[in-house]
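Using this note's numbering, the letters of the sequence shown map in sequence onto residues 46 to 511.
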Amino acid sequence: MKIISFIYNLLWGDIFTIPLPGGSEVGISLLILLLIPAGIFFTIRTRFLPVRMLPEMIRLVTEKKSGEKSGAISGVQALIVSTATRVGMGNLVGVVAAISVGGAGAVFWMWITAIIGSATAFIESTLAQLHKEKDPLYDGYRGGPAYYIHNFFAKGKEKSIIAILFAVSGLICWCGVSQVISNSVTSSFENAFNIPPLATTIVLVLISAVIVLRKNTTVKVLDVIVPIMAVFYFGLTLFVIINNITLVPDVFKRIFMDAFGLREAAAGIMGAALTKGVQRGLFSNEAGSGSAPCAAASADVDHPVKSGLMQALGVFIDTLVICSCTAMVMLLAPESAIAGKEGMTLLQAAMQHHFGTAGVVFIAVVLFLFCFSTFIGILYYARSNVAYLFGDKMWAQTAYKIVALAMLFIGGLAAYTFVWDIGDIGVGLMTVFNIIALYPMSGQAIRSLKDYERKMREKANKKAAV
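This is how it looks when you write it as structure tokens:
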């Protein structure tokens, strides 16, 4: 326990603090120290790609699919898989917690983190495409950080120690996340419908098992679930905004004033707003952690940059859209409706204010969709890491799925914070090992981007000539 606590504090605890006006301070953890400079560096190296290439990202989503190879998925399907795992519990309670501690200003810093994080997502996902390989077990392709880290560090050896450490960290993280997922779902269903946790857990595990234990079913299910849950949640938020349209200008005023401490009341919480906003953004969109590249590598696209751009768009979808939806639902609720509440009960109280008793039901359904899609999405990620560690052996793939399902069952009945800490350590270590490779390998992604932009110009010139 001491070792686990030491590693957890090393990754997530404050290494040092920076004092701010008003008596507040900003705590800087190792992961913030790694991810924020990386995001800024890659944003500059890509010539502000998140803003400059946003129209192209959106165009690619609507682009007509090319004929994918047998078993391979399209770039849009890879985006759906990564969105399924990004959009989860953190988009609900995580955002609420950030605002509770850091005030409305946390939302602004969450947005800024998404913009620079999307450049990191582009680099890692483009690298995953450049280093992908054929997948004999599931057909199509596989890859991710374990594979491009291996190609950079192995130097002819059969395995790379850093790549092994990344793969193991990922598998540990995803098992821990499985417990968080089921515990969140059972708690919300018990509050909304008075359904015993055991009943919810059994149904959740059985449905998940039917999907993940069948070959190549995951993407088909996510193709249906993800658009439905995103549109449903966005629709609920749009209703709230329209119903409270006169309050919206004041909400944005609070966000910007709290973010910069422009009023006396905000000066004391500016540090908390910055810290919590950045943390929420970093660990909701997963940019830099190396998760999404596992999906990006499996896409069958005619240029590696296409997959990178779509994963960069995924960061925007997660943070600028879904997280902002939760923020608006909460900030448009009066203080009297949410006073004294925290976490899921706070969000349920806000939803109850906007929709009456139906609001509690709405948020339970949304949480189920978010968490369920996250679970089957992370097992899709796990394919590549399991294959890197154990080779092309289906028994290893099945064994990991069974372990994850067991963790899903245990988490639905009891909350073991020890295992949750292990999950947080896993994602932290993934990020450390991934960032080690991203800096020296980023030149490959930049060269690929320049090639893609050259082809874009040539295509535009031909159209102009015609």
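C-beta atoms are modelled at their ideal positions from N, C-alpha and C, and glycine is treated no differently.
Query	Result
Can you give the Cα-Cα distance for G280 and D437, rounded to whole angstroms?	43 Å
I'd like to know whether the C-beta atoms of T476 and G359 end up nearer to each other than 8 Å.	no
Using 10 angstroms around the beta-carbon of T535, count the other beta-carbons present and answer buried if the total reaches 16, otherwise exposed.	Given a span of 46 to 511 for the chain in the structure shown, any question on residue 535 remains unanswerable.
Tell me whether Y425 sits in a helix, a strand or coil according to DSSP, three-state version.	helix
Less than 8 Å separating the beta-carbons of G512 and G457?	The chain is shown from 46 up to 511; residue 512 falls before or after that span and cannot be answered.
Which same chain residues, not among the five before or five after M396, have their C-beta less than 7 Å away from its C-beta?	V374, G404, V405, F407, I408
Checking the sheet assignment: what are the DSSP bridge partners for G72?	T62
With 16 as the cutoff for other CB atoms within 10 Å, does L283 come out buried or exposed?	exposed
Whole-angstrom Cβ separation of M355 and V126, contact assumed at under 8 Å?	That belief does not hold up - the Cβ atoms of M355 and V126 are roughly 11 Å apart, past 8 Å.
Under 8 Å, do G185 and S343 count as touching if we go by C-beta distance?	yes
Hey, which unbroken runs of the alpha helix (DSSP H) at 4 residues or more fall wholly within the segment 73-101?	75-90, 94-97
Is A378 helix, strand or coil by DSSP?	coil
When we look at the beta-carbon of Y433 and count the other beta-carbons within 10 Å, is it buried (16 or more) or exposed?	buried
From K298 to F305, what does the alpha carbon distance come to, in whole angstroms?	11 Å
Inspect the beta-carbon positions of P349 and S119 and report whether they are closer than 8 Å.	no
Tell me, please, whether the segment 228-245 touches the segment 406-426 by the rule of three or more beta-carbon pairs shorter than 8 Å.	yes
Give me the DSSP bridge partner(s) of A344.	I118
Could you give the DSSP three-state label for K298: helix, strand or coil?	helix
Can you tell me whether E503 is helix, strand or coil according to DSSP?	helix
What's the C-alpha gap between L175 and A482?	14 Å
If you follow the alpha helix (DSSP H) that E108 is in, where does it begin and where does it stop?	Counting along the chain, E108 falls outside any alpha helix (DSSP H), and DSSP gives it neither H nor E.
With DSSP as the reference, label K508 as helix, strand or coil.	helix
My output table needs one value for Y445: the three-state DSSP class, helix, strand or coil.	helix
Check this for me: beta carbons of L56 and L392, under 8 Å apart or not?	no
Does S33 pass the burial test, meaning 16 or more other C-beta atoms within 10 Å, or should it be called exposed?	The first residue shown for the chain is 46 and the last is 511, placing residue 33 beyond what the model contains.
So, are the CB atoms of A191 and N430 less than 8 Å apart?	yes
Checking the sheet assignment: what are the DSSP bridge partners for K179?	Y186
CB Y426 to CB C368, shorter than 8 Å?	no
Tell me whether I362 sits in a helix, a strand or coil according to DSSP, three-state version.	helix
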